[in-house]
Amino acid sequence: PSRPVIAPHDWNLSAVHAWDNDLFVTGGIDGKVVVASTSELSEPRLLTQHDAPVVGVASLQTGDVVSLDASSVLRVSQPTGDASGPVEFNVGPGATSLDVRESLGVVTGHADGSVRFHDFAEEVGSIEAHGSGVNDVVALVSGLVASAGQDMTVRILDFDNPDQIPVFDLHTAPVDVVIELPDGRIASAGSDGIYIYTVEGLAQDHIRLNGQRSRTISLVALSNDRLISTGDDGRVRLWDLTSPESEPTTLVDVPGIVNPHLIQAGNGLFVAGAARGYVVFTLP
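All residue numbers for the sequence shown refer to my numbering, where the first residue is -16 and numbers rise by one.
Here is the structure:
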């Protein structure tokens, strides 16, 4: 189905994060961080402006929004518009990705292959995880961190035990995205398909989905063993993990879409990045 594209950015959208009920946050190559709503009655609002492309957005338990740019500036902004302005930190060179470790701080991936842990005051941990750049990081419920790399691997990291790094190495292309499913399994994807596996079993305990027709960029886990993926072919697809050989359902097909990052908002609606903006849709 065709969906209207709402375009609050000057250049392509590069990150999106579900924030509060119908609200979500987008980051762009233009450095803008925008608060938007799935409601057609609400206009997107500029929250903060970075001097470099935004590579990640997230939110804290306090409701504050965290954004990271390609110059490694991490910014914490209060959506209510605190008069003192956002708080800034530097997280080390070559930042590429971001996730929040609950109340502990943030974890960031870097172009040199390192994954770093920052508690908003200083860097408290760094692991040389990959032989080349880190494309994505996710903080797991267990306290561990999973990182996806250009070296075609997913690494499971423990900042309390940094020398032990289990590896998932079945990918045959750079791994662009990694997430945790509701049951604790890991899903990771690149241009070679989508893999699902456990932290304990890794390559010995996996299933594979064919993925998008090209590079898979975002994954969103749903209940009842379902998974949504987006790719740079402009399609949003729904997968049944209980039947990995079956064909997925195409939910959205937006020609010309670039970097379609995807989230599910708190009210259940879905938001997929589309060029300079996003489309909002529901499951059929």
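A virtual CB, placed ideally from N, CA and C, is assigned to each residue, including glycine.
ALA172 - DSSP class collapsed to helix/strand/coil: DSSP places ALA172 in strand when its eight states are reduced to three.
I'd like the list of long-range same chain contacts for GLY108, defined as Cβ closer than 6 Å, with 5 residues on each side in sequence excluded. For GLY108, where only same-chain residues beyond five positions count, the Cβ hits under 6 Å are PHE100, PHE142.
Does the distance from the C-beta atom of VAL(-12) to that of VAL40 stay below 7 Å? Taking 7 Å as the Cβ cut-off, VAL(-12) and VAL40 do not qualify as a contacting pair.
Check for me: the beta strand (DSSP E) holding THR199 runs from which residue to which? 199 to 205 is the extent of the beta strand (DSSP E) around THR199.
Beta strand (DSSP E) runs contained entirely in the segment 98 to 149, provided each spans 3 or more residues: Taking only runs of at least 3 residues, the beta strand (DSSP E) segments lying wholly in the segment 98 to 149 are 106 to 111, 117 to 122, 128 to 132, 137 to 140.
Skipping 5 residues on each side, what residues in its chain have a beta carbon closer than 6 Å to that of THR91? Around THR91: VAL74, ALA78, LEU81, ARG99.
Give me whichever residues DSSP pairs with GLN247 in a beta bridge. In the DSSP secondary-structure assignment, GLN247 is bridged to PHE253.
Would SER197 pass as a contact of GLY214 if the rule is Cβ separation under 7 Å? Between SER197 and GLY214, the C-beta gap is smaller than 7 Å, which places the two residues in contact.
Among PHE264, GLY260, ASP13, whose alpha-carbon lies nearest the alpha-carbon of PRO27? Closest by alpha carbon: GLY260.
Since VAL8 is in the beta strand (DSSP E), which residue starts that stretch and which ends it? Looking at the DSSP string, the run of the beta strand (DSSP E) that includes VAL8 is 6 to 11.
My assumption, with CB atoms under 8 Å, is that LEU224 sits in contact with ASP208. Please give the rounded CB distance. The beta carbons of LEU224 and ASP208 sit about 4 Å from each other, so the pair counts as a contact at 8 Å.
Are the CB atoms of VAL158 and GLY173 within a distance shorter than 7 Å? Judged by beta-carbon spacing, VAL158 lies within the 7 Å limit of GLY173, meaning their Cβ atoms are closer than that value.
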